[in-house]
Amino acid sequence: MTGLHAPAFPEDAVRERARLGAAAAFPPAADYGHTLFGASTGGASPAGSADLIDAARLVPPVFMPQRLEKLIDLGREPVYSDVDLHTAIGGFRSPLPVFLCAFGSTQVASGDLGVAVSRTAGRAGIPMVIGENVVPMNGYGRAGGRDSGGDGRGADGVLLDRLRAYAEHAPDGLGGVVVQQSTEDADAEVWNLAYSDPAATTLLDSGRLAFELKVGQGAKPGLGGMTVVSGATAAAVAEQYTVDGSVGCGSGRVLRCSSPGTFTDEILRQQIRLMRNNFPRARIWVKLAPARDIGGGAAVAWAAGADAVTVDGAEGGTGWAPTGFLDHVGLPLAECLRRIGPAAGCLLASGQMWAGPRAVKALAMGATAIGLGRAALIAADEDAEHGLYRLLECLALELQLLISALGKYSPAALNGEDIWSPGHAEPAAEPKGAQTHEHHR
Amino acid sequence: MTQMHTPDATLALPPAPRAHLTSPVTRAVLRIQNQITVAAREFLGAAGFVELFPPIIGPVTDPGARGAKQVDVDYYGHKYKLMTSAILYKQASLLAFDKIFYIAPNVRLEPLETSSTSRHLAEFHQIDVEMAGASRAQITHIAEGLVTHAVRRVVATMSDELATLGRSPRAFAAVLDEQPFGRMTHYDAVLDLHELGHPQSPDAEIDWAGERLLSAQHTRPFFITDYPKGSRGFYDRESRRHPGCLRNFDLIAPEGYGELCSGSEREYDYARIVTRIRETGENPAKYRWYLELAREGIPASAGFGLGVERFTRYVAGLHSAWQASAYPKLPGVVSP
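Going line by line, the protein sequences match chains A and B. If you're matching positions, the first sequence starts at 1 in my numbering and goes up one per residue. If you're matching positions, the second sequence starts at 1001 in my numbering and goes up one per residue.
This is the structure:
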């Protein structure tokens, strides 16, 4: 462990999953037969949650036509393990409706932890996003990585090491790596580097390389990436970034800011088209902040040919952000999904994701897959080699349990009927067969 | 129509420098190339163009190359770039003269997949032309005249070399018949490709395979015009009458040889340039010297870059563009 903490996150529960794997989906087996179990409250779950997704409940029906379809298909009663979690995510194939979010250049994600996470994501075959600013901040393997050594800036954390770690462990035909580029990264031509480097050939040849245009992020919508760096590092990157020594970070350290970049609908449309033009063999992803016009942003991105649109709810983020932003700026994920409405393409959702219930609710609200951010870092911090894998095992089991309980057998089958939100009760619908002309008079 | 030489496995990679430089084929090709540059200087000089030496490095270079990586140079602690093309300097140079040209070396670390296109080199040269106040019609007329003049000179002076290469001068009958080169819009080119069964994106550059297909349908060079915004660099001017459509062109060689030259009317209005830079995902801050000039005013212009090795390949009837380089560098191949 590295001393990593995530106080605004159910850290202990994630660490438990990183240790126990699927067993953590249930109470301790030793308690079985001795303890009475049940919901902690009679109402919303969890009690009093202000988060609209957490406050909602998944609501299985009595009548399950899709279970009947599965029964006919299988020739026996279906069980939870019959849920097929394989999902097409932004042009990739994943064994779970789950991908790994970008961690950015934030200190906790650099170095060994970033590489360990990459290795595990590869082994699991889930898509992985490599964050912005990795190259200008941490160097690029070909130019300043492990071969050159001695630059003192964590050469193990560089883009190529992460790409390589992933590609070496990924099963054939599954997963993919998504390389993010911000405005500052454009100076370092991250995409051009990745597209022309032999290390990416395996992924490119198998259609498993994507580039993500970062339009915004959850933790600080409207602002660019921020990290705290040493004075020496600040001097080295001052030509590319805004460096602010006035914010009193202490210890001679200073704030390094990326610009958020300027977008209009035409700028977004043309940037996506240019990406498709310049990198015809790569998939194109777009990441949006939880902005008030997120519905329009997603629509423009899909229409311009984006293979996936990622929505990072205001509750998301792994890195440094002004405290005023964390609780007061940006739409919560639930409202983002509501404003987007029926997705015209692959919609990916992130923000406080770590366990099955929240994931299934997000899928029911329109997401194609969910992204793990902090949870993945904490799990890898708990156990670098196995933590993330165990977290994924537990998540997979929960997804199967929950989706099957809803009488469905794939993540894509989930929709709004599977979820109930307090205060938004739908009028009770009659079973279709029970409706009569008289009933409507 | 003279057929392009059959692909030959032995031509996949350049030989060692001694074998390459002493080969009768290489010598014939380089003599032909020499006549092309002599002809270019002759033609452009007569038309009033001033030849300038091109810059080699700069704080910024042309970002418009499809997926190609730029080469960084440490310039006294500042990150400079080797020129992928001198487009920004071409526009700036019009502050000195109304008509300029370079014969400019360019370096682009092209994606590895381009090593098999027969026409991509990591290091190559362009005859780079820019003309103040010119329209697309005027600049394509210059490109047409330049190509015709060079072909005429090669045919007149290089018959032995063409014979050595097995290239019949009859291949150029349609080029030299005084008829204007054909023109088609990008929209029509996409339709033609769809009719040929090729899945060309209407929003993107004509892909390499598509370009070869179209090229093989023609016996004389032809222009493709009006590429969609999003397929080219920010400096190609967007049509005011048809937003989303660029006032640009490619010149495509016949017989399957593909693109020889790209050009356009240029954006020159400061605010439009900044907006277009953003539309290509670039950070305007790094273009500071260029934007400062643009804010103070640069001339409206049009221009083009004609690939010397590609043009030589077409004229000499070569399998690969690398055969037209004394020291060929194929993408991803470590070579002298």
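Even glycine gets a Cβ: it sits at the ideal position worked out from N, Cα and C. This one's a predicted model, so the numbers in the text were calculated from it and none came from an experiment.
If you draw a straight line from the Cα of residue 1280/B to the Cα of residue 404/A, it comes to about 46 Å. Here residue 1296/B is exposed: its Cβ has fewer than 16 other Cβ atoms, across all protein chains shown, within 10 Å.
Residue 1160/B counts as exposed, since fewer than 16 other beta carbons sit within 10 angstroms of its beta carbon. Beta-bridge partners assigned by DSSP to residue 256/A: 227/A, 243/A. Interface flag for residue 1069/B against chain A is set, since a Cβ pair is found closer than 8 Å. Residue 168/A is outside the set of residues whose beta carbon lies under 8 Å from a beta carbon in chain B. DSSP assignment within the stretch 292-362 of chain A yields the following whole beta strand (DSSP E) runs of 3 residues or more, N-terminal first: 308-312, 347-350. Per DSSP, residue 374/A is one residue of the alpha helix (DSSP H) stretching across 374-382.
Shown here for residue 407/A: same chain residues with a beta carbon closer than 7 Å to its own, the five before and five after excluded, namely 60, 61, 64, 66, 67 in chain order. At a beta-carbon threshold of 7 Å, none of the residues of chain B lie near residue 160/A; the nearest stands roughly 13 Å away.
In the three-state reduction of the DSSP assignment, residue 278/A falls in the helix class, which pools H, G and I.
Residues of the stretch 1226-1239 of chain B with a C-beta less than 7 Å from any C-beta of chain A: 1229, 1230, 1231, listed in chain order. Within a 10 Å sphere around the beta-carbon of residue 1331/B sit 16 or more other beta-carbons, which makes this residue buried. Put simply, the CB of residue 189/A is near chain B, with a gap under 8 Å to one of its CB atoms. Interface annotation for the stretch 1080-1094 of chain B against chain A: empty, criterion Cβ-Cβ distance under 8 Å. For chain B, the residues of the stretch 246-266 of chain A that bring a beta carbon within less than 9 Å of one of its beta carbons are 259, 261, 262, 263, 264, 266, in chain order. Only those residues of the stretch 1278-1291 of chain B whose C-beta falls short of 7 Å from the nearest C-beta of chain A are listed: 1278, 1279, 1280, 1281, 1282, 1283, 1286. With at least 16 other beta carbons inside 10 angstroms of its own, residue 1087/B counts as buried. Distance from the CA atom of residue 51/A to the CA atom of residue 219/A, rounded to whole angstroms, is 15 Å.
At a cut-off of 8 Å, the C-beta of residue 1110/B has a neighbouring C-beta in chain A.
DSSP places residue 1171/B within a helical segment (H, G or I) once states are collapsed to three. Around residue 1203/B, the beta-carbon contacts reaching into chain A at under 9 Å are 273, 276, 277, 304, 305. Within the stretch 1071-1112 of chain B, the complete alpha helix (DSSP H) segments of 4 residues or longer fall at 1087-1093, listed in chain order. Per the C-alpha coordinates, the member of 344/A, 217/A, 300/A positioned closest to residue 332/A is 217/A.
Taking all protein chains in view, the Cβ of residue 35/A is surrounded by fewer than 16 other Cβ atoms within 10 Å, so the residue is classified as exposed. Every beta strand (DSSP E) of 3 residues or more that sits fully in the stretch 154-210 of chain A is shown, in chain order, as 177-181. According to the DSSP assignment, residue 1140/B belongs to the alpha helix (DSSP H) that extends over 1136-1157. Just measuring C-alpha positions, the residue of 14/A, 384/A, 310/A sitting nearest residue 346/A is 310/A. Taking residue 1164/B as the centre and dropping the five residues before and after it, the same chain places the C-beta of 1024, 1025, 1028 closer than 8 Å to its C-beta, in chain order.
Between the stretch 1071-1078 of chain B and the stretch 1243-1261 of chain B, the count of Cβ pairs shorter than 8 Å is below three; the stretches do not touch. Contact between residue 369/A and residue 98/A holds: CB atoms are separated by about 6 Å, below the 8 Å threshold. Approximately 17 Å separates the beta-carbon atoms of residue 1175/B and residue 1304/B; this is outside 8 Å, ruling out the contact. The CB of residue 193/A comes closer than 8 Å to the CB of 1069 in chain B, given here in chain order. For a Cβ distance threshold of 8 Å, nothing in chain A lies close to residue 1258/B: the least Cβ distance comes to about 16 Å. In terms of beta-carbon proximity, residue 1048/B stays away from the interface with chain A, with every pair separated by 8 Å or more.
For the pair residue 1113/B and residue 281/A, the CB atoms are nearer than the 8 Å cut-off.
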